[in-house]
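Asks:
In our numbering, the protein residues as written are 17 to 224.
1. Residue range of the alpha helix (DSSP H) that residue 158 falls in?
2. Please identify the residue among 71, 88, 101 whose C-alpha is closest to the C-alpha of residue 163.
3. For residue 99 and residue 151, what's the separation of their Cα atoms in angstroms?
4. For residue 172, does the count of other Cβ atoms within 10 angstroms reach 16, so buried, or fall short, so exposed?
5. Under a Cβ-count criterion, where at least 16 other Cβ atoms within 10 Å of its own Cβ denotes burial, should residue 205 be classed as buried or exposed?
6. Would you say residue 202 and residue 124 are within 9 Å of each other, going by their C-beta atoms?
7. According to the Cβ coordinates, are residue 146 and residue 212 closer than 9 Å?
8. Helix, strand or coil for residue 163, going by three-state DSSP, please let me know.
9. Kindly indicate which three-state DSSP category residue 131 falls into: helix, strand or coil?
10. Taking the continuous alpha helix (DSSP H) assigned at residue 87, which residues delimit it?
11. Skipping 5 residues on each side, what residues in its chain have a beta carbon closer than 7 Å to that of residue 21?
12. Just the Cα atoms here: how many angstroms apart are residue 27 and residue 64?
13. Do the region 102-113 and the region 215-224 touch if we need at least three Cβ pairs shorter than 8 Å?
14. Look at residue 74 and residue 121 and say whether their C-beta atoms are less than 9 Å apart.
15. Which of the three DSSP states is assigned to residue 223 in this structure?
16. Comparing C-alpha positions only, which one of 81, 91, 140, 128 sits nearest to residue 185?
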């Protein structure tokens, strides 16, 4: 009986020693958890953002673009007397741009594209999206009877108007280029957004 008790005691002691060794081996790993940087993807790897982060980023970027290209700079141009047309159309541009932005944000949140967040990536899609938007803008502005064609503007008015739209589409192109590497898709995104904005502007003008 004593012999069996000794064996049980010896076995328990060995188990305790083994558990102590395992605990000692695990402590350093617990004290030094893996760096959070190791859990993130490299910047050159496309990744999906959480819905709230993606929607908030798009809303902020679009709001900044509108505030700069439809409010701040047009107001400055009107003050110096170079161009008063853009700021005069503010009440048409505001709801049209807001509705187009909402449609764009919802569409992107549904599609959940992988974002290109690295500045080292080729920027061809930025140029494609910018040119797509500018092309649509130029065609619609010179073919619609409700908008002033370029030939009816003074050189200074046309130059300032062109500068505003180049800036606007460059900013929008930077956003749209984050969603794709393909220039054809970026071209369609830039042109589609501008067509949506202008279509809504013309609709509001026709209704009012």
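Using N, Cα and C, we set each Cβ at its ideal position, and we do this for glycine too.
Replies: Taking the structure as given:
1. By one-based count along the chain shown, residue 158 stands at place 142. Per DSSP, residue 158 belongs to the alpha helix (DSSP H) from 140-159.
2. Here residue 163 corresponds to residue number 147 of the chain shown, with the count starting at 1. It is 101.
3. In the chain shown, counting from the first residue as 1, residue 99 sits at position 83. In the chain shown, counting from the first residue as 1, residue 151 sits at position 135. Spanning the two alpha carbons is a distance of roughly 21 Å.
4. Here residue 172 corresponds to residue number 156 of the chain shown, with the count starting at 1. Exposed.
5. The count along the chain shown starts at 1 and reaches residue 205 at position 189. Classification of residue 205: buried, given that the 10 Å Cβ count is 16 or more.
6. In the chain shown, residue 202 corresponds to position 186, counting from 1. In the chain shown, residue 124 corresponds to position 108, counting from 1. No.
7. Residue mapping note: residue 146 aligns to position 130 of the chain shown, counting from 1. Residue mapping note: residue 212 aligns to position 196 of the chain shown, counting from 1. Going by C-beta atoms, residue 146 is not nearer than 9 Å to residue 212.
8. Position 147 of the chain shown holds residue 163. Coil at residue 163, not helix or strand.
9. Position 115 of the chain shown holds residue 131. Strand at residue 131.
10. Counting from one through the chain shown, the residue named residue 87 turns up at place 71. Neither: residue 87 is in no alpha helix (DSSP H) and is coded neither H nor E.
11. Residue numbering aside, residue 21 sits at position 5 when the chain shown is read from its first letter. Since pLDDT at residue 21 reaches only 43, below the 50 mark, its modelled position is unreliable, and the value read off the structure follows with that caveat. Here the set comprises nothing.
12. Here residue 27 corresponds to residue number 11 of the chain shown, with the count starting at 1. Here residue 64 corresponds to residue number 48 of the chain shown, with the count starting at 1. Caution applies to residue 27, whose pLDDT of 48 falls short of 50 and renders its modelled position unreliable; the value that the coordinates give is listed next. So the alpha carbons of these two residues sit roughly 53 Å apart.
13. yes
14. Working through the chain shown from its first residue, we reach residue 74 at position 58. Working through the chain shown from its first residue, we reach residue 121 at position 105. Taking 9 Å as the Cβ cut-off, residue 74 and residue 121 qualify as a contacting pair.
15. Working through the chain shown from its first residue, we reach residue 223 at position 207. Note: residue 223 maps to helix in three-state DSSP.
16. Your numbering for residue 185 matches position 169 in the chain shown. Nearest C-alpha to residue 185: 81.
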